[in-house]
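**Q** Going left to right, the sequence shown walks through residues 16 to 204 as the numbering used here numbers them.
Glycine included, C-beta positions come from ideal geometry on N, C-alpha and C.
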Amino acid sequence: MTDNTFKIKAIGEIKKLKSTDYCQVLNEMKNIHDPVIIRLHIDADSTTVVDFNYNDDSNEGKNPYAGGFYVVEIHFGKSYPEKTPTVLFRTPILHANISKTDGYICLEALNRWKSSSSLEENIVRPLRDLLITPNFDDMIGGIDEKIVRDYDTIRENVLEYATLERTDEHVERLLKRIQDDKERAASNS
Numbered sequence: 016m017t018d019n020t021f022k023i024k025a026i027g028e029i030k031k032l033k034s035t036d037y038c039q040v041l042n043e044m045k046n047i048h049d050p051v052i053i054r055l056h057i058d059a060d061s062t063t064v065v066d067f068n069y070n071d072d073s074n075e076g077k078n079p080y081a082g083g084f085y086v087v088e089i090h091f092g093k094s095y096p097e098k099t100p101t102v103l104f105r106t107p108i109l110h111a112n113i114s115k116t117d118g119y120i121c122l123e124a125l126n127r128w129k130s131s132s133s134l135e136e137n138i139v140r141p142l143r144d145l146l147i148t149p150n151f152d153d154m155i156g157g158i159d160e161k162i163v164r165d166y167d168t169i170r171e172n173v174l175e176y177a178t179l180e181r182t183d184e185h186v187e188r189l190l191k192r193i194q195d196d197k198e199r200a201a202s203n204s
């Protein structure tokens, strides 16, 4: 599935939800590459909203997450924008603040959710910043600090799981799971 086909399909799904609760989401999605599923890419040459620009000469070559593509799933829920959406990493990642098993993200910005701020301010930019600068003072329980500080181990993980090809696989699996959940819900009602 091409990025454009995916974007059109995802925007179509969101438009089906048209209601006052989702007006803000619809408006913000115009500025985000992939609604519901966002692909993050940290790259010194990139300048688009979702293909994040990371160009810090003082840290050049020191960020093991640079160059990776990351799939993030966002569930808005019926109380959005008053309540924080659920945000989960779907690309397996070795990170001090992201669970490799379930994608849970320990991100202070989600605790400071403001319904008046954009998704980019509340979620996208803080996620990018977390990849650039992990918070070792607020690590996910059960994570081996030695591993999440080891550049070479993290880099191997990024090269294995955070490639564009693997990201496409993560997106396809996620879309299939969403479709299966919809079919299960329809058959149960």
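Where does D72 sit, in a helix, a strand or coil, going by DSSP?
**A** In this predicted model, D72 has a pLDDT of only 43, less than 50, meaning its place in the structure is not dependable; the value taken from the coordinates is given anyway. Here DSSP, grouped into helix, strand and coil, assigns D72 to helix.
**Q** In the DSSP output, which residue or residues are listed as bridge partners for Y119?
**A** L103, per the DSSP bridge assignment.
**Q** Can you tell me the Cα-Cα spacing of I144 and K129, whole angstroms?
**A** The amino acid at residue 144 is misidentified as Ile; the sequence shows Asp. Whole-angstrom Cα-Cα distance: 18 Å.
**Q** Measure the CB-CB distance between L125 and P141 and report whether it falls below 9 Å.
**A** Their beta carbons are under 9 Å apart, which means L125 touches P141 by this criterion.
**Q** Count the other CB atoms within 10 Å of the CB of T116; is the residue buried (16 or more) or exposed (fewer)?
**A** Classification for T116: exposed.
**Q** By the 10 Å Cβ neighbour count, where 16 or more other Cβ atoms means buried, how is F151 classified, buried or exposed?
**A** exposed
**Q** Quick one: what's got a C-beta closer than 7 Å to L109's C-beta in the same chain, skipping five residues either side?
**A** Short of 7 Å from the beta carbon of L109, and not among the five residues preceding or following it, lie these beta carbons of its own chain, in chain order: K115, I162, V163, T168, I169 and N172.
**Q** Determine, using beta carbons only, whether R105 and E88 come nearer to each other than 9 Å.
**A** Less than 9 Å separates the beta-carbon of R105 from that of E88.
**Q** I need the DSSP call for E88, collapsed to helix, strand or coil.
**A** strand
**Q** Do you know whose CA, among S94, Q194, Y80 and L190, lies nearest A111's CA?
**A** Y80
**Q** Given N137, which residues of its chain have a CB within under 7 Å of its CB, disregarding the five upstream and five downstream residues?
**A** A124, W128 and K129
**Q** By how many angstroms is the C-alpha of D196 removed from the C-alpha of E187?
**A** 14 Å
**Q** For H110, list the residues DSSP reports as bridge partners.
**A** I113
**Q** Here's the rule: buried if 16 or more other CB atoms are within 10 angstroms of the residue's CB, otherwise exposed. What is R192?
**A** exposed
**Q** Measuring alpha carbon to alpha carbon, tell me which of S132, E97 and L146 ends up nearest I6.
**A** Lying before the first or after the last residue shown, residue 6 is absent from the chain, which here runs from 16 to 204.
**Q** Return the first residue and the last residue of the alpha helix (DSSP H) that R164 is part of.
**A** First-last for R164: undefined, no H or E at that position.
**Q** Could you tell me the distance, in whole angstroms, from the CA atom of S202 to the CA atom of G92?
**A** 21 Å
**Q** Under a three-way DSSP split, which group does N126 fall into?
**A** helix
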